[in-house]
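Residue numbers (the numbering used here), protein chains in the order written: chain A, 1 to 268; chain B, 1001 to 1268; chain C, 2001 to 2268; chain D, 3001 to 3268.
Think of the CB as a built atom: it goes at the ideal place given N, C-alpha and C, for glycine as much as any other residue.
Protein chains: 4
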Amino acid sequence: MISPPIEAEPRGYTLPLSPSGRSAMVTPPPWHFSGEVVMVDCRVDPDAAARFLPPELTLGPDPGAAAAVFAEWQWCSDGGAELADPVQCQFAEFLILVACEYRGRSLARCPYAWVDQPVPLVRGWIQGMPKQFGAVHQIRPVRSGRAGPRLEPGGRFDAALSVYGRRVVEATVTLEGQVAEPPFLHTVPLVHTRLFPAWVPAEEPQSRLVVSEVSDIEFSDVWAGRADLRFVDVHDPDLATLAPVEVGAGYVFSYAETLHHGRPLESA
Amino acid sequence: MISPPIEAEPRGYTLPLSPSGRSAMVTPPPWHFSGEVVMVDCRVDPDAAARFLPPELTLGPDPGAAAAVFAEWQWCSDGGAELADPVQCQFAEFLILVACEYRGRSLARCPYAWVDQPVPLVRGWIQGMPKQFGAVHQIRPVRSGRAGPRLEPGGRFDAALSVYGRRVVEATVTLEGQVAEPPFLHTVPLVHTRLFPAWVPAEEPQSRLVVSEVSDIEFSDVWAGRADLRFVDVHDPDLATLAPVEVGAGYVFSYAETLHHGRPLESA
Amino acid sequence: MISPPIEAEPRGYTLPLSPSGRSAMVTPPPWHFSGEVVMVDCRVDPDAAARFLPPELTLGPDPGAAAAVFAEWQWCSDGGAELADPVQCQFAEFLILVACEYRGRSLARCPYAWVDQPVPLVRGWIQGMPKQFGAVHQIRPVRSGRAGPRLEPGGRFDAALSVYGRRVVEATVTLEGQVAEPPFLHTVPLVHTRLFPAWVPAEEPQSRLVVSEVSDIEFSDVWAGRADLRFVDVHDPDLATLAPVEVGAGYVFSYAETLHHGRPLESA
Amino acid sequence: MISPPIEAEPRGYTLPLSPSGRSAMVTPPPWHFSGEVVMVDCRVDPDAAARFLPPELTLGPDPGAAAAVFAEWQWCSDGGAELADPVQCQFAEFLILVACEYRGRSLARCPYAWVDQPVPLVRGWIQGMPKQFGAVHQIRPVRSGRAGPRLEPGGRFDAALSVYGRRVVEATVTLEGQVAEPPFLHTVPLVHTRLFPAWVPAEEPQSRLVVSEVSDIEFSDVWAGRADLRFVDVHDPDLATLAPVEVGAGYVFSYAETLHHGRPLESA
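Okay, structure coming up:
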């Protein structure tokens, strides 16, 4: 019997490694995302926000500017194969975003994120996005009947995050009209800390600030209105420091992007 | 101490009964539904279909006509209160429908149904709709980006039902164009067997054929195309007899209705 | 072609009716249950408790006596077939029990119950038990290692109920020693209101008080200790009236029973 | 205002980084595990097994020896805090193990693993364990009643893995008696590929073979018997190559360990 050739070494963009590489839980980038977003601008305590920033970043000209972002996504790899199985290509997400700056460039920092599917969770960690697992739900606009809002003035969109069976965050957006520009914190690049924790004794954890590079950004019409944002049953004392001290406008829109890779912060 | 007045008896449209009646799991009708539907016409063995009909019903002029219906719903009671909590007002559903007839009137019989939330399940049983629990997923059309189909020719919509961790049914619809009429089996009334199982010895089960009465029916534009429908890992031998022997057109549309009550079949 | 014989009418103990009857979601009784229980005695406001009792029942000699019961069950029908699929034969449950009396006989009333599987939910409704859907978790004793308590003094057992992503109830029991008798409210029959809601106009809902009849009751050794019981994020105002005003002993034990049918209260 | 001191930089063993470090999804090791195991020895095609091994490892003296391991775990960090919330400290797991060897030392390779909770999933990836998300269920022995097996001859233990709503693997173990030794593949160290995927262009993925170091291993009595192991609805063609070609004995036992860190394979 001939030994398997060297290229038979198990492989994959991520674990699990396998002979063909097809078992990898996460496909290699790029990844395409199309989603429906319910977002609320808010203000958090600037000191609290600052404590979530690595020393390379500053709060920038609007300290404490932040946002809560709910989204229902579909995603696929370049070939689009995942779209043939709705069980695999859908997830819901909740993010907290904090405005920050690097050498005068506006960025957003995501101190907390939750998704309801494991592939986006692991994919987030590859990027440095601190995704945890939660139950994320948001109202969908309807095209027929009375069981939901329309994309029109008065349309009400509620969203909620639960973690470990606790209701953590709730948001309500009531539409007033369309606006010309998408909300600022959804337009700036995200800067993440890509972290490889230590495991082998004497090994140091690896950590690097990276900015996500995306293309093919699309916004639908952006609806805006008044909003509410509530921290409900929060047990993590660090998360609690980011409770909104002021709630701004709310937004409902659809959004798409293609995510390619990360750039080191200093070269981004 | 004065005894509680007689109206303090615990009450509710359903269990749990409570002092105010507000604990009832199911609110009294009417209920409003707005949903996105992926539906596939098919043909099943007419003898198999007949064995699912009570003696009052016949197969009608098109024996074996059937359909598989996936839907993602939002619902609310008359006041709309449920829409304030997206965790409570959304569910997904999969139905099998079989064409039948009562004294010359076209009806649909639903031998099997699955939903992914408990309130619709119990509400179904009140109506005589045999809802069980399953994981139901369907592709959503997107307004932005590449991670999903558009409502246009070539748009592909997949849907899947899993029960107890087994993939049971899968469907694929590829749009070709709009059609003037919604699919027939989604336009005829449903006839259910409202059943109250026996529990006290010597007590007979109660059973009555009822037709659901709905109003405020709305269809969006109806897209149609070619379809596939697959029974995958079916363990219930009775369900297996309804595997499609021929697959017809597929449809994607939004739909709304208000469900009021049932009428006895003989007076409906 | 010969018409199908009359016995071919679709049948089943419950919906879905099918040619063989095997599709029924719930098998006919008896049902066998084996479970691990974490239970806390408590006292609720007697007036609040009274408002949950139908007029036929009184609070009895110890008004306001109540209990919170967490249990992890396995169940099967007489043939035991369900035990071959662990996905189908396991569920977790949380009950509130209130002491009551009928003509001098001690009974327990269950105003609220939650389970995490659909079959026990529907089976509960057949009996008149007001089961809703929730996430129910409890610590398991361990036989090896440090990641859990032993059944010995100092062993700590926590349990939690979440509903719609809200933490509703939490309990903690810390064992002190074995006791000779199981907790009283787990030894008296349950009296339920078997309710068939109205659906057809002019039809009245049907309602009857029934007492569950069980046999083959088994208790393991019963461990007892001090306990805590907390209502956390309760949104149902009727449920809130049953918040404990005093917390008694806690118990950990295993329990089994066979449930046969119900008897009308007046003949039970 | 005084700048926050340098130690205020956000920190944590893993993401999310936060001011106190307490938001980290995964606590630093050591981690303590106590679990109930249902395990089946089997044989897979040696060529297929070999293709899952990195070049440093060989199949060893018993090529194709493998096992399927179901386990229900509780876990905690050193302080044991997680045991106060049963929602956080429990998970179920399914592993495939393949016998292998490094310089004459017997090891086990885990080409595939699934868990039903996100923290064990991420914790697995830190170690190089390729954990994916699945629904894992196994029968529990009972102390009372008929709804489950006893740890005695004839006791039957079924277990099942579902992934994305597909039943993937099922096992059945029927006890015959106790054995003196635990199953071999549960006694040898696991060798994993700790992988940090590439994300920044021109960056190479990092990959290192590490052996998990555990202490405080405890086995209960080990029951053994005849077994069955079935691959049911497998869509990953690489996984399919590991379908059992021969099924050996089955085992039921409880097991505990403390997991400390990894050692590079060459120094382990």
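Limits of the alpha helix (DSSP H) - the one that residue i falls within
{"i": "residue 127 of chain A", "result": "118 to 127"}
{"i": "residue 3239 of chain D", "result": "3237 to 3240"}
{"i": "residue 2046 of chain C", "result": "2046 to 2050"}
Residue i in three-state terms, based on DSSP
{"i": "residue 266 of chain A", "result": "helix"}
{"i": "residue 36 of chain A", "result": "strand"}
{"i": "residue 152 of chain A", "result": "coil"}
{"i": "residue 1056 of chain B", "result": "coil"}
{"i": "residue 2257 of chain C", "result": "strand"}
{"i": "residue 1147 of chain B", "result": "coil"}
{"i": "residue 1159 of chain B", "result": "strand"}
{"i": "residue 135 of chain A", "result": "strand"}
{"i": "residue 3198 of chain D", "result": "coil"}
{"i": "residue 1099 of chain B", "result": "strand"}
Residue interval of the beta strand (DSSP E) (run including residue i)
{"i": "residue 1089 of chain B", "result": "Where residue 1089 of chain B is concerned, there is no enclosing beta strand (DSSP E), given that its DSSP letter is neither H nor E."}
{"i": "residue 3106 of chain D", "result": "3105 to 3115"}
{"i": "residue 269 of chain A", "result": "For residue 269 of chain A there is no data in the structure shown, the boundaries of chain A being 1 and 268."}
{"i": "residue 1014 of chain B", "result": "Per DSSP, residue 1014 of chain B belongs to no beta strand (DSSP E) and is neither H nor E."}
{"i": "residue 170 of chain A", "result": "166 to 179"}
Short Cβ contact (8 Å threshold) for residue i with residue j
{"i": "residue 1148 of chain B", "j": "residue 34 of chain A", "result": "yes"}
{"i": "residue 197 of chain A", "j": "residue 3009 of chain D", "result": "no"}
{"i": "residue 3030 of chain D", "j": "residue 3024 of chain D", "result": "no"}
{"i": "residue 2957 of chain D", "j": "residue 237 of chain A", "result": "Outside the shown range of chain D (3001 to 3268) lies residue 2957 of chain D, about which nothing can therefore be said."}
{"i": "residue 3224 of chain D", "j": "residue 3250 of chain D", "result": "yes"}
{"i": "residue 121 of chain A", "j": "residue 3118 of chain D", "result": "yes"}
{"i": "residue 1094 of chain B", "j": "residue 1113 of chain B", "result": "yes"}
{"i": "residue 176 of chain A", "j": "residue 226 of chain A", "result": "yes"}
{"i": "residue 3143 of chain D", "j": "residue 2220 of chain C", "result": "yes"}
{"i": "residue 1215 of chain B", "j": "residue 1258 of chain B", "result": "yes"}
{"i": "residue 48 of chain A", "j": "residue 193 of chain A", "result": "no"}
{"i": "residue 1208 of chain B", "j": "residue 1170 of chain B", "result": "no"}
{"i": "residue 3063 of chain D", "j": "residue 3046 of chain D", "result": "yes"}
{"i": "residue 3163 of chain D", "j": "residue 3107 of chain D", "result": "no"}
{"i": "residue 3195 of chain D", "j": "residue 3212 of chain D", "result": "no"}
{"i": "residue 3210 of chain D", "j": "residue 199 of chain A", "result": "yes"}
{"i": "residue 1151 of chain B", "j": "residue 1102 of chain B", "result": "no"}
{"i": "residue 116 of chain A", "j": "residue 1160 of chain B", "result": "no"}
{"i": "residue 1252 of chain B", "j": "residue 1087 of chain B", "result": "no"}
Same chain only: Cβ atoms within 8 Å of residue i, ignoring 5 sequence neighbours per side
{"i": "residue 53 of chain A", "result": "59, 98, 100, 109"}
{"i": "residue 2958 of chain D", "result": "Chain D is shown from 3001 up to 3268; residue 2958 of chain D falls before or after that span and cannot be answered."}
{"i": "residue 1243 of chain B", "result": "1044, 1231, 1234"}
{"i": "residue 1066 of chain B", "result": "1041, 1042, 1043, 1044, 1049, 1096, 1097, 1098, 1099, 1185, 1242, 1244"}
{"i": "residue 248 of chain A", "result": "40, 41, 42, 43, 227"}
{"i": "residue 3156 of chain D", "result": "3139, 3149, 3172, 3173, 3174, 3175"}
Cutoff 6 Å; reference residue i; Cβ partners in own chain excluding five residues on either side
{"i": "residue 1218 of chain B", "result": "1256"}
{"i": "residue 158 of chain A", "result": "139, 172"}
{"i": "residue 2014 of chain C", "result": "2024, 2025, 2026"}
{"i": "residue 92 of chain A", "result": "72, 116, 136"}
7 Å Cβ shell around residue i - same chain, five flanking residues per side excluded
{"i": "residue 233 of chain A", "result": "166, 167, 168"}
{"i": "residue 179 of chain A", "result": "222, 224"}
Kindly provide the ranges of any beta strand (DSSP E) runs that are 3 or more residues long and lie completely inside the stretch 2204 to 2249 of chain C, ordered along the chain.
2206 to 2219, 2222 to 2231
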